[in-house]
Amino acid sequence: MKIGLLSDTHDYVDDQILRHLAGRDEIWHAGDFGTAKVAERLSEVAPLRGVYGNIDGQDIRVLYPKVLRFEANGLDVLMTHIGGYPGKYHPDIRQEIKTNPPGLFITGHSHILKVMPDKSLNNLLHLNPGAAGRHGFHQVRTMMRFSIEDGQVRDLQVIELGKRA
Numbered sequence: 001m002k003i004g005l006l007s008d009t010h011d012y013v014d015d016q017i018l019r020h021l022a023g024r025d026e027i028w029h030a031g032d033f034g035t036a037k038v039a040e041r042l043s044e045v046a047p048l049r050g051v052y053g054n055i056d057g058q059d060i061r062v063l064y065p066k067v068l069r070f071e072a073n074g075l076d077v078l079m080t081h082i083g084g085y086p087g088k089y090h091p092d093i094r095q096e097i098k099t100n101p102p103g104l105f106i107t108g109h110s111h112i113l114k115v116m117p118d119k120s121l122n123n124l125l126h127l128n129p130g131a132a133g134r135h136g137f138h139q140v141r142t143m144m145r146f147s148i149e150d151g152q153v154r155d156l157q158v159i160e161l162g163k164r165a
């Protein structure tokens, strides 16, 4: 199963993002779409799963939940926009992670790309794809691609999309 992962598009999707998502089985968006127009464009490329972020309005909030938990090719996935990272999980999600840890925990919000295992929780893998949009303090726009095989993340790629401005 081939996944394209992005976050913090802030109402911006260009042909480069769409090109990197082509051929993916699913696209996952970790919040701050900006508008439903972004979700529509991404959905034209592949089936889309997502969560709303703090800047998203009702047009996104009626389509996507705050927290999404699902199974993908044998992998238990938990996704939310503001979730923190290993050692500093956000209070809204901390208890769920501690009592029922997923195999993969995905967040956005910080605009900081992270790939971190949480060794205290049976090697839970945390991913934050950084920010694919042009708004924010990040210098380089980023996203990720990976595969899921037998419940494991494989072939993880970080994609740099160029300067923010």
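So the sequence shown is numbered by UniProt numbering: it starts at 1 and just counts up by one.
Glycine included, each C-beta is placed from N, C-alpha and C at the ideal position.
The shortest C-alpha to C-alpha distance from Leu68 to any of Ile3, Gly34 and Ala30 is the one to Ala30. Rounded to whole angstroms, Ile17 and Asn123 show a C-alpha spacing of 30 Å. Ile60 sits in a helix when the DSSP states are folded into three classes. Within the same chain, Asp11 come within 6 Å of Thr35 by CB-CB distance, once the 5 residues on both sides are set aside.
Note that the C-beta distance between Ala46 and Leu21 is below 8 Å. Residue pairing of Arg49 in beta bridges, as defined by DSSP: Trp28.
Bridge partners of Ala72 according to DSSP: Leu75. Taking Tyr64 as reference, the option from Met79, Glu71 and Asn73 with the minimal CA-CA separation is Met79.
Contact annotation, Leu42 with Val13: C-beta distance approximately 7 Å; criterion of less than 8 Å satisfied. For the pair of segments examined, the region 137-155 was found not to touch the region 46-63: the number of CB pairs separated by less than 8 Å stays below three. DSSP assignment within the region 111-153 yields the following whole beta strand (DSSP E) runs of 3 residues or more, N-terminal first: 113-118, 124-129 and 140-149. Counting only residues of its own chain and dropping the five nearest sequence neighbours on each side, Gly74 has a CB closer than 6 Å to the CB of Asp150 and Gly151.
If the five residues before and after Arg141 are omitted, its C-beta is found closer than 8 Å to the C-beta atoms of Gly130, Ala131, Ala132, Gly133, Arg134, Glu160, Leu161, Gly162, Lys163 and Arg164, all from its own chain and listed in chain order.
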